[in-house]
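Heads up, the thing below is written out as structure tokens.
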Amino acid sequence: MKKTLVALCAASVAFGLSVPASAAADPTGAYKRKNGDTVRVWVTEGKLYCRITEGKKKNFEMCHGMTDSGEAWTGKKMKHPGMPGFMSFNGTVTSDASSIKIKGCAMGKSMCDAETWTKVK
């Protein structure tokens, strides 16, 4: 019985260490948009934010308080610098080691647009 309990505890610890707290890749860092803007992406208190730091719309916040859903960051407060400031979109952010893909949708998922940003090294 004691050996079984020890084996179960060891297996639980091993399994727990092999499962990441979040399946979404760490998106933090600086990125370049295709139009040349530089965007800073960071996580504060478990929420994702992104703001243009260099470009025509400096300090424009594109992502605001997005939640880690396991495979992506999602939220309803995404904005686009080319749209009126009062408009917000349902957004999804996914990332890998070299890029981030940001997608915003209006009217449910009937009108969507996406951009891929390249990580600045």
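Those letters in the sequence shown? Residues 21 to 141, by my numbering. Ideal placement from N, C-alpha and C gives every residue a C-beta, glycine not left out. From a predicted model like this one, the values you see are computed outputs, not experimental measurements.
*Measure the Cβ-Cβ separation of M98 and G124 and say whether it is below 8 Å.*
What you label residue 98 is simply residue 78 of the sequence shown in a count that begins at 1. What you label residue 124 is simply residue 104 of the sequence shown in a count that begins at 1. The answer is yes: Cβ separation under 8 Å.
*Would you decide whether V140 is buried or exposed? Buried here means 16 or more other CB atoms lie within 10 Å of its CB.*
Working through the sequence shown from its first residue, we reach residue 140 at position 120. The residue in question, V140, is exposed, as its Cβ has fewer than 16 Cβ neighbours within 10 Å.
*asked:* I need the straight-line Cα distance from E91 to T114, nearest angstrom please.
replied: The count along the sequence shown starts at 1 and reaches residue 91 at position 71. The count along the sequence shown starts at 1 and reaches residue 114 at position 94. Using only the alpha carbons, I get a separation of about 7 Å.
*Could you check if V116 is buried or exposed, using at least 16 other CB atoms within 10 Å of its CB as the buried criterion?*
The count along the sequence shown starts at 1 and reaches residue 116 at position 96. The amino acid at residue 116 is misidentified as Val; the sequence shows Asp. D116 is exposed by the Cβ-count criterion.
*Mind checking G128: buried by the 16 CB within 10 Å criterion, or exposed?*
In the sequence shown, residue 128 corresponds to position 108, counting from 1. G128 should be labelled exposed.
*Taking all protein chains shown into account, do 16 or more other C-beta atoms lie within 10 angstroms of the C-beta of M107, making it buried, or fewer, making it exposed?*
The residue given as residue 107 occupies position 87 in the sequence shown. With fewer than 16 Cβ atoms within 10 Å of its Cβ, M107 is classed as exposed.
*Can you say whether T112 is buried or exposed, counting buried as having 16 or more other CB atoms within 10 angstroms of its CB?*
Here residue 112 refers to the residue found at position 92 when the sequence shown is read from its first residue. Burial check for T112: the Cβ neighbour count within 10 Å reaches 16 or more, so the residue is buried.
_DSSP three-state label for F106, please._
Looking up residue 106 in the sequence shown gives position 86. F106 falls in the coil class under three-state DSSP.
*In angstroms, rounded to a whole number, what distance separates the CA positions of E74 and V61?*
The residue you call residue 74 lines up with position 54 of the sequence shown. The residue you call residue 61 lines up with position 41 of the sequence shown. The straight-line gap from Cα to Cα measures roughly 13 Å.
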